[in-house]
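*Asks:*
Chains as they are written, first to last, in the UniProt record's numbering: chain A, 1 to 195; chain B, 1 to 454.
#1: Any Cβ of chain B within less than 9 Å of the Cβ of residue 194 of chain A?
#2: Is residue 115 of chain A closer than 9 Å to residue 73 of chain A when the C-beta atoms are compared?
#3: Mind pulling the chain A residues with CB within less than 8 Å of residue 191 of chain B?
#4: Can you check the stretch 143-176 of chain A for any alpha helix (DSSP H) of at least 4 residues that lies completely inside it and give the ranges in chain order?
#5: Is there at least one Cβ from chain A nearer than 9 Å to residue 183 of chain B's Cβ?
#6: Could you name the residues of the same chain whose beta carbon sits closer than 7 Å to that of residue 285 of chain B, not counting the 5 residues immediately before and after it, in chain order?
#7: Tell me which residues of the stretch 65-94 of chain B have at least one Cβ-Cβ distance to chain A shorter than 7 Å, keeping chain order.
#8: Could you tell me the boundaries of the alpha helix (DSSP H) in which residue 359 of chain B lies?
#9: Would you please verify whether the beta carbon of residue 310 of chain B is less than 9 Å from any beta carbon of chain A?
#10: Say whether chain A places a C-beta atom closer than 9 Å to the C-beta of residue 195 of chain B.
#11: Just by C-beta distance, which residues in the stretch 358-377 of chain B are closer than 8 Å to chain A?
#12: Use the C-beta contact count for residue 125 of chain B: other C-beta atoms within 10 angstroms, 16 or more gives buried, fewer gives exposed.
#13: At the level of alpha carbons, what is the spacing between residue 374 of chain B and residue 356 of chain B?
#14: Report yes if the C-beta distance between residue 108 of chain B and residue 325 of chain B is below 9 Å; otherwise report no.
#15: When the cut-off is 9 Å and only beta carbons count, does residue 259 of chain B lie next to chain A?
#16: Going straight from the alpha carbon of residue 134 of chain A to that of residue 189 of chain A, what length do you get?
#17: Could you give the first and the last residue of the continuous alpha helix (DSSP H) run that contains residue 113 of chain B?
#18: Which value, in whole angstroms, describes the spacing of the CA atoms of residue 351 of chain B and residue 197 of chain B?
#19: Out of A/160, A/168, A/138, which one is the CA nearest neighbour of residue 128 of chain A?
#20: Count the other CB atoms, across all protein chains shown, that sit within 10 Å of the CB of residue 33 of chain B; report buried if there are 16 or more and exposed otherwise.
#21: So, under 8 Å CB-CB, residue 148 of chain B and residue 165 of chain B are touching, yes? Tell me the CB distance rounded to an integer number of Å.
#22: Relative to chain A, which residues along the stretch 206-225 of chain B have a C-beta separation below 7 Å, given in chain order?
#23: Looking at C-alpha atoms only, which residue of B/221, B/168, B/217, B/203 is the closest neighbour of residue 189 of chain B?
#24: Using only the alpha-carbon positions, how far apart do residue 72 of chain B and residue 207 of chain B sit?
#25: Report the residue from B/181, B/122, B/383, B/80 whose alpha carbon sits nearest the alpha carbon of residue 129 of chain B.
#26: Under 9 Å, Cβ to Cβ, is there at least one residue of chain B near residue 130 of chain A?
#27: Could you give the DSSP three-state label for residue 9 of chain B: helix, strand or coil?
#28: When you compare each of A/53, A/195, A/120, A/148 to residue 75 of chain A by their alpha carbons, which one comes out closest?
#29: Count the C-beta pairs between the stretch 78-86 of chain B and the stretch 271-288 of chain B that are closer than 8 Å, then say yes if the count reaches three, no if not.
#30: Using a Cβ-Cβ cut-off of 7 Å (strictly less than) and excluding sequence neighbours within five positions of residue 153 of chain A, which residues of its own chain qualify?
#31: Looking only at C-alpha atoms, which of B/249, B/178, B/172, B/134 sits nearest to residue 203 of chain B?
#32: Can you find a C-beta in chain B that's less than 9 Å from the C-beta of residue 43 of chain A?
#33: Check the DSSP bridge columns for residue 264 of chain B and list the partner residues they point to.
#34: Counting pairs of beta carbons, one from the stretch 214-234 of chain B and one from the stretch 271-279 of chain B, are three or more of them closer than 8 Å?
#35: DSSP puts residue 232 of chain B in a beta bridge; with which residues?
#36: Using only CA atoms, which one of B/437, B/45, B/115, B/23 lies nearest to residue 24 of chain A?
Below, the structure written as structure tokens:
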């Protein structure tokens with residue numbers, strides 16, 4: 001029997017009388033400053049915020065915190081002095097030894113500190129996961145208040161893979177004890193850029 | 001064994017029962033803290049419920065739209081009528097690609113379908129990659145909670161399991177150390193396995209994309225490194241439009257663990273170049289549930305687990321006592337649809353306190369449905385004879401005031417004169433409890449003495 005046909009017929013027969021969709025355009029209540037909120041939430045979920053003026057500050061941070069032998073990659077072309085920027089077409093498995101990955105997000109959400117990233121910013125889909133440490137540059141004026149605002153901005157954008165990323169990888173599967181660095185990045189830094 | 005018998009086994013260790021109870025209540029409190037920070041929380045729940053209802057009422061057209069978009073995006077869509085067909089499809093895809101080892105992130109659907117057992121029988125090696133699921137897999141157990149699969153275990157248990165299977169130090173039970181051991185062990189799997197299976201949290205009819213939410217990053221580590229990505233979903237995961245993700249992603253993690261959002265909310269729209277991406281859409285009784293007016297709302301569930309964390313019965317009986325892939329209140333209204341006879345005990349594993357309905361982010365009337373299932377189950381003859389007779393006797397007594405009066409008097413006398421008639425092993429209410437002292441008089445007697453003629 002054709003399962004597709006069978007399932008769709010059973011559903012057509014059994015689905016309830018049509019009901020309309022609710023209007024969610026004005027559902028969000030925003031009673032906070034987006035920058036303050038973003039910082040508080042990100043720190044609350046185990047990330048750190050560093051305010052910067054330009055990419056020079058990022059370069060200084062990398063030099064101060066990572067040594068020569070550690071592999072650093074980035075999709076940000078201004079960071080060539082401290083990071084590889086030509087890894088996007090390599091086999092994704094070769095990223096296994098990456099110590100730090102620095103990306104740039106075009107949008108951040110204040111209410112949950114999530115950053116929106118699609119393939120042009122990711123370089124490779126696995127890149128923000130496989131790296132030991134992750135850092136993301138974000139312009140302050142690219143912060144929106146809630147997820148509703150975020151999807152309004154995403155609208156009908158085309159992408160193959162899109163990601164909301166909030167903080168470092170974590171688990172509490174052993175007795176509810178929070179441990180950072182389950183399978184993805186152990187740390188998550190946001191460079192918040194004033195513009 | 002039924003729920004009561006399995007629960008009895010669970011509560012033998014009093015200290016552990018208390019720990020389990022308190023730990024889940026702690027998660028429930030985190031949910032409250034997160035929810036109270038959102039002034040529009042109730043409006044969000046209402047919107048989510050209405051969007052899901054719209055989804056159920058347009059399921060036929062949304063599924064067709066989803067299939068069309070996903071196919072245009074380069075994803076191969078499969079349809080499975082039941083668990084077996086689902087398992088066969090997954091196995092066939094693996095065979096076609098000559099793959100005998102897979103990694104898997106959390107999917108309650110595959111638990112429901114017993115996919116792991118099926119694949120292992122057919123010579124496929126399956127490694128669960130969610131930490132909690134890996135722990136229970138190594139112990140040859142089942143997840144006891146849909147969000148916290150190993151919540152029934154203490155760190156000593158995990159330490160011992162990892163010592164046996166992953167070679168960690170004997171006696172080391174430090175969660176940080178054990179998590180690091182699992183990270184190293186599973187990294188090796190992530191980089192070497194050719195196929196990854198994931199669940200689906202939401203599938204968008206408008207765009208043909210699907211969203212997978214994890215905190216660990218295991219679904220993504222698997223999917224983005226593998227040549228073949230298979231995503232399995234019950235058809236009720238469909239939501240109408242992309243913007244509706246905003247509503248659900250705001251509710252899901254806050255309801256589940258009190259986090260503002262999961263670490264990763266991955267939107268899979270197209271396979272990456274050279275990769276195969278498959279979606280298996282499963283019915284397995286769902287279309288039947290859709291036709292049951294009293295119970296169709298259960299299909300709105302987004303699998304946050306809030307109803308379990310708040311449930312006084314779940315917290316004190318443990319997930320395994322529900323002998324079903326999805327435990328707790330929501331599991332108890334889903335399971336009888338799949339097998340009424342086997343799961344007839346589950347709707348009775350509740351106090352009907354209603355807390356589950358109050359925390360549900362999509363406003364499923366869980367406790368009402370538990371109550372309604374009881375009536376269906378009694379009518380269909382799936383309730384033990386003893387319970388049926390007792391209920392009939394109760395109905396008779398309560399609808400005949402004279403009988404009620406006499407029975408009450410006799411009961412009080414018996415409890416006073418011969419307490420062993422109720423305080424014995426045959427009375428289930430006597431287990432783990434002292435019976436109360438019988439009152440000297442009934443309310444009716446007190447009333448006629450004190451208020452007579454007024």
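Ideal Cβ placement from N, Cα and C applies to all residues, glycine included.
*Replies:* Result, derived from the coordinates:
#1: The residue labelled residue 194 of chain A in the question sits at position 194 within the first chain. Chain B contact via Cβ: absent.
#2: The residue given as residue 73 of chain A occupies position 73 in the first chain. The residue given as residue 115 of chain A occupies position 115 in the first chain. No, these two residues do not count as a Cβ contact at 9 Å.
#3: Within the second chain, the letter at position 191 stands for residue 191 of chain B. 93, 96, listed in chain order.
#4: 147-154
#5: By one-based count along the second chain, residue 183 of chain B stands at place 183. Chain A places a beta carbon closer than 9 Å to that of residue 183 of chain B, counting this residue as a contact.
#6: In the second chain, counting from the first residue as 1, residue 285 of chain B sits at position 285. Around residue 285 of chain B: 337, 338.
#7: 79, 80, 81, 85
#8: Here residue 359 of chain B refers to the residue found at position 359 when the second chain is read from its first residue. Element bounds for residue 359 of chain B: 355-359.
#9: Residue mapping note: residue 310 of chain B aligns to position 310 of the second chain, counting from 1. Taking Cβ atoms only, chain A never reaches closer than 9 Å to residue 310 of chain B, which makes this a no.
#10: What you label residue 195 of chain B is simply residue 195 of the second chain in a count that begins at 1. Judged by the 9 Å Cβ criterion, residue 195 of chain B is not in contact with chain A.
#11: none
#12: As a working mapping, residue 125 of chain B is identified with position 125 in the second chain. It is exposed - the Cβ of residue 125 of chain B has fewer than 16 other Cβ atoms within 10 Å.
#13: For this step, residue 374 of chain B is matched to residue 374 along the second chain. For this step, residue 356 of chain B is matched to residue 356 along the second chain. Rounded to the nearest angstrom, the two C-alpha atoms are 17 Å apart.
#14: The residue labelled residue 108 of chain B in the question sits at position 108 within the second chain. The residue labelled residue 325 of chain B in the question sits at position 325 within the second chain. Their beta carbons are under 9 Å apart, which means residue 108 of chain B touches residue 325 of chain B by this criterion.
#15: Stepping through the second chain from its first residue, residue 259 of chain B is reached at position 259. Yes, residue 259 of chain B lies at the interface with chain A (some Cβ there is under 9 Å from its Cβ).
#16: Against the first chain, residue 134 of chain A aligns to sequence position 134. Against the first chain, residue 189 of chain A aligns to sequence position 189. For residue 134 of chain A and residue 189 of chain A, the distance between alpha carbons rounds to 6 Å.
#17: Position 113 of the second chain, counted from the first residue, corresponds to residue 113 of chain B. Where residue 113 of chain B is concerned, the enclosing alpha helix (DSSP H) stretches over 108-113.
#18: Counting from one through the second chain, the residue named residue 351 of chain B turns up at place 351. Counting from one through the second chain, the residue named residue 197 of chain B turns up at place 197. In a straight line, the C-alpha of residue 351 of chain B is about 37 Å away from that of residue 197 of chain B.
#19: As a position in the first chain, residue 128 of chain A is number 128, starting the count at 1. Among A/160, A/168, A/138, the Cα nearest to that of residue 128 of chain A is on A/168.
#20: Sequence index remark: in the second chain, residue 33 of chain B carries index 33 (1-based). Answer is exposed; the Cβ neighbour count stays below 16.
#21: Indexing the second chain from 1 puts residue 148 of chain B at position 148. Indexing the second chain from 1 puts residue 165 of chain B at position 165. Actually they are not in contact, since the Cβ atoms of residue 148 of chain B and residue 165 of chain B sit about 20 Å apart, beyond 8 Å.
#22: 215, 216, 217, 218, 220, 221, 224, 225
#23: Within the second chain, numbered from 1, the residue matching residue 189 of chain B stands at position 189. The shortest CA-to-CA distance from residue 189 of chain B to any of B/221, B/168, B/217, B/203 is the one to B/221.
#24: Sequence index remark: in the second chain, residue 72 of chain B carries index 72 (1-based). Sequence index remark: in the second chain, residue 207 of chain B carries index 207 (1-based). So the two alpha carbons sit approximately 10 Å from each other.
#25: Here the question's residue 129 of chain B lines up with position 129 in the second chain. Closest option to residue 129 of chain B, Cα to Cα, is B/181.
#26: Position 130 of the first chain holds residue 130 of chain A. Residue 130 of chain A counts as touching chain B.
#27: Within the second chain, numbered from 1, the residue matching residue 9 of chain B stands at position 9. Reduced to three states, the DSSP call for residue 9 of chain B is helix.
#28: In the first chain, the residue the question calls residue 75 of chain A occupies position 75. That would be A/120, whose Cα lies nearest to the Cα of residue 75 of chain A.
#29: Yes: the two stretches touch, three or more of their Cβ pairs being nearer than 8 Å.
#30: Taking the first chain and counting its residues from 1, the one referred to as residue 153 of chain A is at position 153. Around residue 153 of chain A: 107, 144.
#31: In the second chain, the residue the question calls residue 203 of chain B occupies position 203. The option with the nearest alpha carbon to residue 203 of chain B is B/249.
#32: As a first step, residue 43 of chain A must be located in the first chain, where it is residue number 43. Residue 43 of chain A does not count as touching chain B.
#33: On the second chain, position 264 is the one that residue 264 of chain B refers to. According to DSSP, which records beta bridges pairwise, residue 264 of chain B is partnered with A/165, B/214.
#34: yes
#35: Along the second chain, one-based indexing puts residue 232 of chain B at 232. In DSSP, residue 232 of chain B forms a bridge with B/280.
#36: Residue mapping note: residue 24 of chain A aligns to position 24 of the first chain, counting from 1. Taking each of B/437, B/45, B/115, B/23 in turn and checking the Cα distance to residue 24 of chain A, the smallest one comes out for B/45.
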